[in-house]
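Visitor: Reading the sequence shown from the start, the letters are residues 812 to 1111 in the numbering used here. The C-beta atom is built at its ideal place from N, Cα and C for all residues, glycine as well.
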Amino acid sequence: MTSTDLAALRPRLPSPLQEIEDDRFTRRGVRLSLKRDDLIHPDLVGNKWRKLAPNLTAAAGRTLLTFGGAYSNHLRATAAAGRLLGLPTVGVVRGDELADRPLNPSLARCVSDGMRLAFVDRSTYRRKNEPSALLAILRAAGAEDAYVVPEGGSNALAVQGCRALGEELRGRADVVAVACGTGGTFAGLAAGLGAGQRALGIPVLKGGFLTADIEGLQREAFGGRRGEWALDDRFHFGGYARTTPQLDAFTEDFEGRHGVGVERLYVAKLLYGLVALVEEGAFKPGSRVTAVITGAPYDG
Ligand SMILES: Cc1ncc(COP(=O)(O)O)c(C=O)c1O
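#1: So for Ile1025, helix, strand or coil by DSSP?
#2: Based on Cα-Cα distance, which residue from Leu1004, Gly1034, Gly994 lies nearest to Gly1019?
#3: Classify Pro1014: buried if its beta carbon has 16 or more other beta carbons within 10 angstroms, exposed otherwise.
#4: Are there 16 or more other CB atoms within 10 angstroms of the CB of Gln1057, so buried, or fewer, so exposed?
#5: Report yes if the C-beta of Ala921 is less than 7 Å from at least one heavy atom of ligand 1; otherwise report no.
#6: Could you check the C-alpha separation between Asp911 and Phe930 for me, to the nearest Å?
#7: For a test of the three-state rule: what should DSSP assign to Tyr936, helix, strand or coil?
#8: Report all residues from its chain with a CB closer than 8 Å to the CB of Glu1039; omit the five preceding and five following residues, and keep chain order.
#9: Any chance the CB of Gly995 is under 7 Å from a heavy atom of ligand 1?
#10: Heavy atom of ligand 1 less than 7 Å from the Cβ of Asn866, yes or no?
#11: Any heavy atom of ligand 1 within a distance shorter than 7 Å of the CB on Val1078?
#12: Work out the CA separation of Tyr1051 and Gly879 for me, nearest whole Å.
#13: So, for Thr935: in the same chain, excluding its five sequence neighbours on each side, which residues have a beta-carbon less than 8 Å away from its beta-carbon?
#14: Measuring alpha carbon to alpha carbon, tell me which of Leu1028, Leu909, Asp907, Gly902 ends up nearest Gly953.
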């Protein structure tokens, strides 16, 4: 796989920056823009392109093996990349009980894109970053020679790939906000921003462990902490994939106001957090706030 093969997929880069009128922001003198990473590529949407592209090049045609839950956006994107680039892919899926059940639409899509699935029990899956557990997983999947990408796709190359997101926004925003799962996208974004810009991360998982993880990712990718950044841990709504009627209503209202589809697991919580923050007066009048649209709604 070369960068020429990837360029042939014609990613829309830099992704568009779209200013929108939202009275909750304009009332406070704050300008809101959407960084439309969801428009980069129809199959490798949003942060998936930025994270996978450098890994696809590094895999150099070897089988690419990665990990995810039964509804993982990352597994679907990896499978799609395999189909588009003619690269074999293996998806290690959390939960061996799923092996005997009909595939959900997300996993069925992975299979139709050519991904081979290997179901792993939850306790082994939890230990997948330990070398001995990883080796056992690779052996059981018949993929000892595979190029391994971690769950969520956040390794040093992926974080370096996400630095371009920050670089594209230099001079164009004061605060750039992104939803965080593993924190890899955010770690790269924060490193790519210029002087005077700050990155704001909205974790969608409960736990409060992410600051240390992001520092670790930045150390691995860049040799140390980079950029001005902070997390706001108040908008996870109880944890991954958890929602409330209030969040659902907010998201539908946002879609109606602005005519953009809002991805529910990450982007909805980011936008909710930004509206709550602007209403608290957290952004100075005159400031430019950018929300990174890291994904598109999954249409099944
Ligand atoms: C749509 C979307 N936004 C944001 C993220 C968070 O990315 P990261 O794991 O790099 O924090 C993900 C995770 O894969 C995602 O699917």
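Guide: Reading from the atomic positions:
#1: helix
#2: Gly994
#3: buried
#4: exposed
#5: It should be noted that the sequence gives Cys, not Ala, for residue 921. No, since every heavy atom of ligand 1 falls outside the 7 Å radius drawn around the Cβ of Cys921.
#6: 10 Å
#7: helix
#8: Ala1001, Leu1004, Gln1008, Arg1009, Ala1010
#9: yes
#10: no
#11: yes
#12: 13 Å
#13: Ala944, Ala947, Ile948
#14: Gly902
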